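FYI, in my numbering the residues of the sequence shown are 46 to 312. Using N, Cα and C, we set each Cβ at its ideal position, and we do this for glycine too. Since this is a predicted model, take the numbers as computed values, not measurements.
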Amino acid sequence: MCKIRYALVTGAAGGMGRAVSRALAADGWFVFALDLTPREREENILPITADLTDEESVREAYAKVAAVTDRLDAVLHFAGTYMLDSLVEMESAAFDKILRVNLYSAYFVNKTFLPMMKNGTKVLMTTSELAPLDPLPFTGVYAVTKGALDKYAYSLRMELQLLGISVSVLRAGAVKTGMLGASVAALDTFCEKTEHYRTGAKRFHDIVDRVEAKSVPPEAVAKKVRKILAKKHPAFAYSINRNPALRLLSLLPKRLQCAIIRKILKG
């Protein structure tokens, strides 16, 4: 008789989280699908509504999972939000929100569900291809949170390896999800409201449109996750849909990077 494998998926109502949940359920996993947005019950998928930025709500989710199992074979983080704004114009509340969603939620979940992580459990956090790169203007706040999440994940890997738990990150580029549409809307809003960067913002909009046109479906992410979970000893970082231009720019000296961006956005 095959042993049931249990996975916890955050952001399970979103494009990537939903695709991963369904792929694992099809493979015979039992998935606890956490999200602030309620989703429908499916075979091998138990939806749990939770605000992952609130530690008490995460504890309540833990109790619901504990009623089914005392072990998680995988903890997969897809909860996240996108924000595009000027670091000197954005509201403090917005800065706090993106930090809580992109960083604090992972911290709360990993801390709370640690008792269910055993020797062999795999933790995977979705950061961004921007995480190890130098941020572009107006994407700075997003890159800061994903960069912090990436560093948090590596620090956690160093610690949890002592307990037999692996921690990895998936640095995804543009994926065809609701977040991609949200990023376009955020850019439109920024272009309309900015008082200091109007000309540059419009030119930056053209760049983002070209970058995000080369996106992959969330099913490609699910396929990648399945491969990672199949590995006995997963590496720390995996990438999907990397952008050559962004990688090349980050290889250049900082002064040259700034000069190129200034030339493109100011003309």
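For Gly60, the enclosing alpha helix (DSSP H) begins and ends at Gly60 to Ala71.
The alpha-carbon separation between Pro279 and Pro182 amounts to approximately 33 Å. Between the beta-carbon of Leu215 and that of Tyr283 there is about 5 Å, and that keeps the pair under the 8 Å contact cut. Phe281 sits in coil when the DSSP states are folded into three classes, being neither helix nor strand. Listed as beta-bridge partners of Ser213 by DSSP are Leu169. Excluding five sequence positions before and after Phe140, the CB atoms of its chain that fall closer than 8 Å to its own CB belong to Val186, given in chain order. The distance from the Cβ of Glu100 to that of Phe153 is about 5 Å, consistent with a contact at the 8 Å cut-off. The beta-bridge partner set that DSSP reports for Tyr51 consists of Phe75. In this chain, Val133 is not harboured by any beta strand (DSSP E), its DSSP state being neither H nor E. Under DSSP, Glu87 shares a beta bridge with Ile90. Here Met162 carries a strand assignment [DSSP, helix/strand/coil]. Collapsing the DSSP output to three states places Asp233 in a helix.
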